[in-house]
Amino acid sequence: MSLLWLVIRQLAEIEAMAASKKLITREEWEKKLSDVKIRKEDMNKLVMNFLVTEGYVEAAEKFRMESGTEPDIDLATITDRMAVKKAVQSGNVEDAIEKVNDLNPEILDTNPQLFFHLQQQRLIELIRNGKVEEALEFAQEELAPRGEENQSFLEELERTVALLAFEDVSNCPVGELLDISQRLKTASEVNAAILTSQSHEKDPKLPSLLKMLLCAQNQLDEKAAYPRVNDLSTATLEDPAV
Amino acid sequence: MAGTIRKEILKVVLRETNEKEEKKKEAEAPSKLDTSNSTGGFVAVSTDIMKYTSVYPDKPELNVILADEPAPWKNLLYYFEIYVKDADFKGKIAIGFTLALFLMNIEPWWEDLIAGHESSHGVLYSGDEDTGSTFLSGDVIGAGINYSTNEFFFCKNGELVHSVPNNLSNRGLYPTIAVLSQHEEMHVNFGQKPFAFNLKDFEARERRKQQQKIEEISLSPQVTYSLIRSYLLHSGYEDTFNSFDVVPSSPITDEQTNTLNHRSTLRQLIMNGNVDGAFAKVHEWYPQIVEVGSQLCIYLLHYYGCYKFELIFKLAYEMPLEVLANAVNAFVLSTDPHMEEAKDCLHSPLERLLKQLTACKRYEGEDFLVEKEFSKRD
Numbered sequence: 020m021s022l023l024w025l026v027i028r029q030l031a032e033i034e035a036m037a038a039s040k041k042l043i044t045r046e047e048w049e050k051k052l053s054d055v056k057i058r059k060e061d062m063n064k065l066v067m068n069f070l071v072t073e074g075y076v077e078a079a080e081k082f083r084m085e086s087g088t089e090p091d092i093d094l095a096t097i098t099d100r101m102a103v104k105k106a107v108q109s110g111n112v113e114d115a116i117e118k119v120n121d122l123n124p125e126i127l128d129t130n131p132q133l134f135f136h137l138q139q140q141r142l143i144e145l146i147r148n149g150k151v152e153e154a155l156e157f158a159q160e161e162l163a164p165r166g167e168e169n170q171s172f173l174e175e176l177e178r179t180v181a182l183l184a185f186e187d188v189s190n191c192p193v194g195e196l197l198d199i200s201q202r203l204k205t206a207s208e209v210n211a212a213i214l215t216s217q218s219h220e221k222d223p224k225l226p227s228l229l230k231m232l233l234c235a236q237n238q239l240d241e242k243a244a245y246p247r248v249n250d251l252s253t254a255t256l257e258d259p260a261v
Numbered sequence: 012m013a014g015t016i017r018k019e020i021l022k023v024v025l026r027e028t029n030e031k032e033e034k035k036k037e038a039e040a041p042s043k044l045d046t047s048n049s050t051g052g053f054v055a056v057s058t059d060i061m062k063y064t065s066v067y068p069d070k071p072e073l074n075v076i077l078a079d080e081p082a083p084w085k086n087l088l089y090y091f092e093i094y095v096k097d098a099d100f101k102g103k104i105a106i107g108f109t110l111a112l113f114l115m116n117i118e119p120w121w122e123d124l125i126a127g128h129e130s131s132h133g134v135l136y137s138g139d140e141d142t143g144s145t146f147l148s149g150d151v152i153g154a155g156i157n158y159s160t161n162e163f164f165f166c167k168n169g170e171l172v173h174s175v176p177n178n179l180s181n182r183g184l185y186p187t188i189a190v191l192s193q194h195e196e197m198h199v200n201f202g203q204k205p206f207a208f209n210l211k212d213f214e215a216r217e218r219r220k221q222q223q224k225i226e227e228i229s230l231s232p233q234v235t236y237s238l239i240r241s242y243l244l245h246s247g248y249e250d251t252f253n254s255f256d257v258v259p260s261s262p263i264t265d266e267q268t269n270t271l272n273h274r275s276t277l278r279q280l281i282m283n284g285n286v287d288g289a290f291a292k293v294h295e296w297y298p299q300i301v302e303v304g305s306q307l308c309i310y311l312l313h314y315y316g317c318y319k320f321e322l323i324f325k326l327a328y329e330m331p332l333e334v335l336a337n338a339v340n341a342f343v344l345s346t347d348p349h350m351e352e353a354k355d356c357l358h359s360p361l362e363r364l365l366k367q368l369t370a371c372k373r374y375e376g377e378d379f380l381v382e383k384e385f386s387k388r389d
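So the sequences go chain by chain: A and B. Residue numbering for the first sequence follows the working numbering, starting at 20 and increasing by one per position. Residue numbering for the second sequence follows the working numbering, starting at 12 and increasing by one per position.
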């Protein structure tokens, strides 16, 4: 009886293991891939969506001509949006605020966090240019009242003003605020807000589809060994490790 | 070399045409408990009511019954419930999932299984005796599999009460009920009626978690940039490519630049309806693929499923211009010595990634289409 019990137990374990991970050969997988038809029209839409969202206005115009794909937004608005983005990236925050208000005054009225971040960026630029008194005055008059209304704004303001306490910013614990990456972060936030105001997604579709692919492959790894794509740039299929 | 690639292109396309993969019939979802798939003592009163009476009234014995089919695994979740109409006073009831072979040898695994721990046979849960949360008459108890997190989960009266990792197969797991008592009556619900547990909400939460997991993946912007760039180059959208490629991410060979200009011209001619003009240019620029007239049409047969030779030439003039333009593009690409494989001519890296994504999703049972993604908002 105990021997039979052992055999049955082993059989069950073998069955469980065999069923747990299926091996899909390259040939089988390529057959599945050949069953998938991706429409040119959909790929073109993805490309246009990327060009529009990321602000490649000239390329978007050329692509419209060459592929016949219509953008889902007026291309003229991209130029305006890019001008705002460029202004923030080069530190001309006042100019950027003016341009945003010209585009749509509601954007800053309905988004206090964005307005605060733009004002914070303006303060950073004053500090960067060594205009200490002007910076303090600006912080007191424009930013402090907002900090009183919102605890997180107050904390961000304190971090920014801390830059003034250090002559050598390289030793400053909040020195990263003076990095170009901080400008890019603010520029990206403005870009997203303008896109949202135009009823357009703030991020292009393609990166999220690529992330979805990485996630789908990770999930499928649990169930099967199959040819996967490890290098997204080349999209080369790699054989499953047996 | 290029000739071999062109033959390979044809082979791939014709294989795509001829080999319609057999769609295996998916196993049905469980619909009832199967008395023939049990250790005995169970009587089906109706499709959803099951009574159990011990054959030895003096001492309770362990008996198990499985559903008629294993849980379908190509979904995000699977779940079923039982309503304990009449639980034996001293009895114990457990619910979960087991592999079919489990039935052949129950006793050694019972203690392990009912603790809600996984064994190599499955997992059953009989409540938590420490907290007094065992299953009594009037309770609705449920068991489910969460395929996205690889977990079994258990519910009592509509509340999630326990979960345990699933390190077993996702296939061949049968909904299972086990009793250690003298008599029981239970009503089984495989989804024919609304569940006590709010499965819709649970699924929505799981999907949100999944979406969050996707968003947390970091991806270099350079990857997206290079995919767009290679797509424009592959498709022959020359003006867009030159406008977009302000900072080239990798050098382009002379052959690629030459064919880009040619392919752009050919695409424009075809899209403007000048098929004769396009073919004349192909003959002028690429005498090595002078057989393009016939080969191209064979290449395109899979769009029409037409194999009569006399219709081959006619086809080139009847097919959608976009399809013809893509085919001519693939053939011209085959003259580039850097194109090492037919699939490089046929599909850009972007298209191959979208195919891979769709294949992965479909393998998991999801009806995924790229075009559906455009109707979603962030």
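Even glycine gets a Cβ: it sits at the ideal position worked out from N, Cα and C. From a predicted model like this one, the values you see are computed outputs, not experimental measurements.
Alpha-carbon spacing of residue i relative to residue j, whole angstroms
| i | j | result |
| --- | --- | --- |
| A/Met62 | A/Ser86 | 11 Å |
| B/Pro348 | A/Glu77 | 32 Å |
| A/Trp48 | A/Ala235 | 15 Å |
| B/Arg388 | A/Ser218 | Because the pLDDT of B/Arg388 is 46, which lies under 50, any placement of that residue in the model is unreliable, and the number read from its coordinates should be weighed accordingly. Spanning the two alpha carbons is a distance of roughly 10 Å. |
| A/Leu137 | A/Val119 | 11 Å |
| B/Ser231 | B/Ser49 | 55 Å |
| B/Leu332 | B/Ser174 | 56 Å |
| B/Glu382 | A/Arg58 | 9 Å |
| A/Ile97 | A/Gln238 | 38 Å |
| B/Thr46 | A/Val55 | 42 Å |
| A/Thr179 | A/Ala206 | 18 Å |
| A/Gly110 | B/Asn253 | 29 Å |
| B/His358 | A/Asp258 | 19 Å |
| B/Glu37 | A/Leu225 | Low confidence applies here, because B/Glu37 scores a pLDDT of 45, under 50, leaving its location unreliable and the question unanswered by this model. |
| A/Glu161 | A/Arg141 | 11 Å |
| A/Val112 | A/Arg165 | 18 Å |
Where residue i falls, given that 16 or more other Cβ within 10 Å makes a residue buried
| i | result |
| --- | --- |
| B/Leu322 | Note that B/Leu322 scores 45 on pLDDT, short of 50, meaning its location in the model is unreliable; the coordinates nonetheless yield the value given after this. Exposed, since its Cβ has fewer than 16 Cβ neighbours within 10 Å. |
| A/Met84 | exposed |
| B/Arg216 | exposed |
| B/Asn168 | exposed |
| A/Lys104 | buried |
| A/Ala106 | buried |
| A/Ser53 | buried |
| A/Gln170 | exposed |
| B/Glu227 | exposed |
| A/Lys150 | exposed |
| A/Arg45 | exposed |
| A/Lys242 | buried |
| B/Asn177 | buried |
| B/Arg7 | The first residue shown for chain B is 12 and the last is 389, placing residue 7 of chain B beyond what the model contains. |
| B/Lys211 | exposed |
| A/Ile213 | buried |
| B/Val75 | buried |
Proximal residues to residue i (C-beta, below 8 Å), its chain only, five neighbours per side dropped
| i | result |
| --- | --- |
| A/Lys204 | none |
| B/Phe255 | Ile239, Arg240, Leu243 |
| A/Leu182 | Ile143, Ile146, Val188, Cys191, Val193, Gly194, Leu196, Leu197 |
Bridge partners - residue i, DSSP secondary structure assignment
| i | result |
| --- | --- |
| B/Asn74 | B/Val190 |
| B/Ile228 | Partner(s): none; B/Ile228 has no beta bridge. |
| B/Tyr94 | B/Val151, B/His198 |
| B/Phe164 | B/Gly155, B/Ser174 |
| B/Ser49 | B/Ile76 |
| B/Tyr185 | B/Thr109 |
| A/Glu257 | A/Arg247 |
6 Å Cβ shell around residue i - same chain, five flanking residues per side excluded
| i | result |
| --- | --- |
| A/Leu42 | Ala244 |
| B/Pro81 | Gly183, Leu184, Tyr185 |
| A/Phe134 | Leu127 |
| A/Asn123 | Ser216 |
| A/Thr255 | none |
Nonlocal neighbours in the same chain, by C-beta distance under 7 Å from residue i, ignoring five residues either side
| i | result |
| --- | --- |
| B/Thr276 | Lys292 |
| A/Leu145 | Glu153, Ala154, Phe157 |
| B/Phe108 | Ala82, Gly133, Val134, Ala154, Ile156, Phe163, Leu184, Tyr185, Pro186, Thr187 |
| A/Ala184 | none |
| B/Arg373 | Phe379 |
Chain D contact for residue i (CB, 7 Å cutoff)
| i | result |
| --- | --- |
| B/Ser254 | Absence of chain D from the displayed structure is noted, the protein chains being A and B. |
| query | For the segment 357-372 of chain B, which residues have a CB atom closer than 9 Å to at least one CB atom of chain A, in sequence order? | reply | Within the segment 357-372 of chain B, those residues whose Cβ lies closer than 9 Å to any Cβ of chain A are, in chain order, His358, Ser359, Pro360, Leu361, Glu362, Arg363, Leu364, Leu365, Lys366, Gln367, Leu368, Thr369, Ala370, Cys371, Lys372.
| field | Positions along the segment 210-239 of chain A whose CB lies within less than 8 Å of some CB in chain B | value | Within the segment 210-239 of chain A, the residues whose Cβ lies closer than 8 Å to some Cβ of chain B are Glu220, Lys221, Asp222, Pro223, Lys224, Leu225, Pro226, Ser227, Leu228, Leu229, Lys230, Met231, Leu232, Leu233, Cys234, Ala235, Gln236, Gln238, Leu239, listed in chain order.
| request: Give, in chain order, every residue of the segment 53-69 of chain A whose Cβ lies closer than 9 Å to some Cβ of chain B. | output: From the segment 53-69 of chain A, only Ser53, Asp54, Val55, Lys56, Ile57, Arg58, Lys59, Glu60, Asp61, Met62, Asn63, Lys64, Leu65, Val66, Asn68, Phe69 have a Cβ closer than 9 Å to chain B.
| query | Using a Cβ cut-off of 7 Å, which residues of the segment 88-103 of chain A contact any Cβ in chain B, in chain order? | reply | Cβ contacts with chain B come from no residue of the segment 88-103 of chain A.
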